[in-house]
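Engineer:
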Ligand code: BG6
Ligand code: MG
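Structure (structure tokens):
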């Protein structure tokens, strides 16, 4: 028996490892602007939406950008990213992801997805797991990205479950903060010394054990 009524998953870094594709696409874009970009910097972008990520990257540029220029650069990065994810398949599912989703379903809990990625529907389709979710938040309808609680609260509302009855699953510091300010239990995927706000941290969904949270 689980004390929760719903589990709301993040996508990137939890169900599939798209961080590397985001890294490649941002690196290409950053270098086109003469901005150095490496793996360490990419870590700061986990869970941060597209325009928020671009602002962080351009902060180290010598020149200023207009709103229009920023939107064009964000579109350019997204085209690089879409080229990279076009060949994704079920082979890109992280270990334990399908078993975790199926366990939650078998226990009769509701399942939501709260990703700020506007490519989430495409990625779910490529992975072949769209129908495993009762509700997927459309990131285009979200005004404030993580760490704001808006996206997790919207998922809970649409699933018809109170936030305190939800378990949120996240790999990013900003994402865990979003879950906690939504008033949910936070299961972190990663390292406890990074995800300090999480209630419990596991290394990957291979260690997911619904009954123990
Ligand atoms: C998050 C990723 O899930 O989605 C971020 O962790 C990414 O790295 C964000 O910037 C937005 O993604 P997209 O696909 O809308 O550019
Ligand atoms: Mg993530």
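Residue numbers (our numbering): 54 to 266. Even glycine gets a Cβ: it sits at the ideal position worked out from N, Cα and C.
So does residue 65 have its beta carbon nearer than 6 Å to some heavy atom of the ligand MG?
Structural biologist: yes
Engineer: To which residues of the same chain is residue 173 closer than 7 Å at the C-beta, ignoring the five residues directly before and after it?
Structural biologist: 64, 166, 189 and 192
Engineer: What separation, rounded to the nearest whole angstrom, lies between the Cα atoms of residue 164 and residue 242?
Structural biologist: 17 Å
Engineer: Does the beta carbon of residue 172 fall short of 6 Å from some heavy atom of the ligand BG6?
Structural biologist: Indeed, a heavy atom of the ligand BG6 lies less than 6 Å from the Cβ.
Engineer: Would a check of beta-carbon distances place residue 218 closer than 7 Å to chain C?
Structural biologist: Going by chain labels, chain C is absent from the structure shown, which holds only one protein chain.
Engineer: According to the neighbour-count rule (16 or more other Cβ atoms, all chains shown, within 10 Å of its Cβ), is residue 170 buried or exposed?
Structural biologist: buried
Engineer: Got a sec? Which residues, its chain only, sit under 6 Å from residue 183 by beta carbon, not counting five neighbours each side?
Structural biologist: 177
Engineer: Just to check, is the beta-carbon of residue 59 closer than 6 Å to a non-hydrogen atom of the ligand MG?
Structural biologist: no
Engineer: Taking only three categories from DSSP, how would you classify residue 174?
Structural biologist: helix
Engineer: Give me whichever residues DSSP pairs with residue 69 in a beta bridge.
Structural biologist: 65 and 146
Engineer: From residue 254 to residue 84, what distance separates their C-alpha atoms?
Structural biologist: For the pair residue 254 and residue 84, the Cα-to-Cα distance works out to about 35 Å.
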